[in-house]
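Peer 1: Questions regarding the structure given below will be posed in turn.
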Amino acid sequence: MRQPERFVCVGSLNVDITFPVERLPEEHEKLRCDGALISQGGSAANTAHWLARLGHATVMLGCVGDDAFGSVAVAALAAVGVDTRHIQRTTQAATGLAAVFAGPAGKRMVTSGGANACFDPGQAPAELFSPGTHLHVATPLAGIAHPLLRLAKSRGATTSCDLDLGPPTDWLPWLDIGFVNHTELARWLGTDDPEQAWNRLQAPANFSLVVTLGAHGAAAWNRDGGTAVPAAAVDVVDRTGGGDAFDAGYLHALGRSEAERLRCGLDLAAQVIARRGARPEAVEPACLCPSAQPHRHAMPAP
Numbered sequence: 001m002r003q004p005e006r007f008v009c010v011g012s013l014n015v016d017i018t019f020p021v022e023r024l025p026e027e028h029e030k031l032r033c034d035g036a037l038i039s040q041g042g043s044a045a046n047t048a049h050w051l052a053r054l055g056h057a058t059v060m061l062g063c064v065g066d067d068a069f070g071s072v073a074v075a076a077l078a079a080v081g082v083d084t085r086h087i088q089r090t091t092q093a094a095t096g097l098a099a100v101f102a103g104p105a106g107k108r109m110v111t112s113g114g115a116n117a118c119f120d121p122g123q124a125p126a127e128l129f130s131p132g133t134h135l136h137v138a139t140p141l142a143g144i145a146h147p148l149l150r151l152a153k154s155r156g157a158t159t160s161c162d163l164d165l166g167p168p169t170d171w172l173p174w175l176d177i178g179f180v181n182h183t184e185l186a187r188w189l190g191t192d193d194p195e196q197a198w199n200r201l202q203a204p205a206n207f208s209l210v211v212t213l214g215a216h217g218a219a220a221w222n223r224d225g226g227t228a229v230p231a232a233a234v235d236v237v238d239r240t241g242g243g244d245a246f247d248a249g250y251l252h253a254l255g256r257s258e259a260e261r262l263r264c265g266l267d268l269a270a271q272v273i274a275r276r277g278a279r280p281e282a283v284e285p286a287c288l289c290p291s292a293q294p295h296r297h298a299m300p301a302p
């Protein structure tokens, strides 16, 4: 697969409220923490953020409420160069929120999707999905994901999806790359082995299954076989957004070898989870994915 001229990311835009804690409170217990963080989040928006930071022409499709949080969410993406012209607004729901309880051992999250469910895929301009465009979908809502994946493939774009929708058994023909963590994969298919999973899905020849393996790294399987890359040791601070960053790093390296794609995804994810929040400012573009050089694409007209 070639390096795309443009990325279009579809899915959630949230505001994250992160509480750094070592454990969750007991019933009726008031647990105190130091330095709660209010920051921008949402899986698709996080991936769009990092793709833009890496120099790619990036368009965000999603929906926010007609409220202050929505304005901030859109402005934060625009500030790093994401094209936000096609983000929809609604008065029917508030901007999505996520409460994150995060520590070195892991995280727990409670979300209120709010306006994310109000996105109307029928309003997305078909011209966005031309050959040379890559569509990345990160939403658990099939009513949003399926029409756009189908449209993108019909117009010659390439596609990927963070598999929040479950096993893509009936929509694999619209998908080139599927991202999933090993825990979810085992829950769906009874195995976290990429080869076995790829075979059980009866995947078409064009499909690549990319599996993150936590501290063990990441692996991919496609018609050419499998590739695995170990993870470097990381002092984990907050795992929020690590998977979204991995997706961005992997997509950044499209056009390179499978091993380079996996390494770039792991590189970026490691830098994110070593800091607080899904989009830590301390990660500088010059340090992102050192295994692949940043791209500088002009934004094609939609």
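In the UniProt record's numbering, the protein residues as written are 1 to 302.
Note that beta-carbon positions come from the ideal geometry of N, C-alpha and C, so glycine has one too.
In this text, all values refer to a predicted model and were calculated from it rather than measured experimentally.
1. For P168 versus G178, is the C-beta distance shorter than 7 Å?
2. If A98 and T111 are in contact, beta carbons under 8 Å, what's the gap, nearest whole angstrom?
3. If I follow the unbroken alpha helix (DSSP H) through F37, where does it start and stop?
4. Let's test the definition: count the other Cβ atoms within 10 Å of the Cβ of C264 and tell me whether it reaches 16, buried, or not, exposed.
5. Just confirm the distance between the C-beta atoms of V211 and L251, as a whole number of angstroms; I'd bet it's less than 8 Å.
6. Contact between the region 273 to 282 and the region 187 to 203 is defined here as three or more beta-carbon pairs at a separation below 8 Å; is this criterion met?
7. Look up G122 in the DSSP assignment and say whether it is helix, strand or coil.
8. Which class does G132 belong to by DSSP, given the choice of helix, strand or coil?
9. Our contact map puts A278 next to N46 with C-beta atoms below 8 Å; I'd like the distance itself, whole angstroms only.
10. Is it true that the CB of G156 sits closer than 7 Å to the CB of E5?
11. Roughly how far, in whole angstroms, is the beta-carbon of C118 from the beta-carbon of V137, given that I think they are within contact range, below 8 Å?
12. Counting C-beta neighbours from all protein chains within 10 Å, is the total for K30 16 or more, i.e. buried, or is it exposed?
13. Between which two residues does the alpha helix (DSSP H) containing Q196 stretch?
14. Just to confirm my understanding: we take H182, look at its own chain, exclude 5 residues before and 5 after, and list those with CB closer than 6 Å. What are they?
15. Does the region 137 to 149 come within contact of the region 14 to 34, defined as at least 3 CB pairs closer than 8 Å?
16. With distances taken between CB atoms, is the gap from G42 to L24 smaller than 7 Å?
17. Buried or exposed, going by whether 16 or more other CB atoms sit within 10 Å of the CB of I38?
Peer 2: Quick look at the numbers:
1. yes
2. Going by Cβ atoms, the distance from A98 to T111 rounds to 5 Å, so yes, they are a contact pair.
3. The sequence shown places Leu at residue 37, not Phe. It is not in any alpha helix (DSSP H) - L37 instead sits in the beta strand (DSSP E) that spans 37 to 41.
4. buried
5. Taking C-beta atoms under 8 Å as the contact rule, V211 and L251 fail to qualify, at a distance of about 16 Å.
6. no
7. helix
8. coil
9. 5 Å
10. no
11. Their Cβ separation, rounded to whole angstroms, is 17 Å, which puts C118 and V137 out of contact at 8 Å.
12. Under this definition K30 is an exposed residue.
13. Looking at the DSSP string, the run of the alpha helix (DSSP H) that includes Q196 is 194 to 200.
14. D192, V211, L213
15. no
16. Cβ distance not < 7 Å, so G42 and L24 don't count as in contact.
17. exposed
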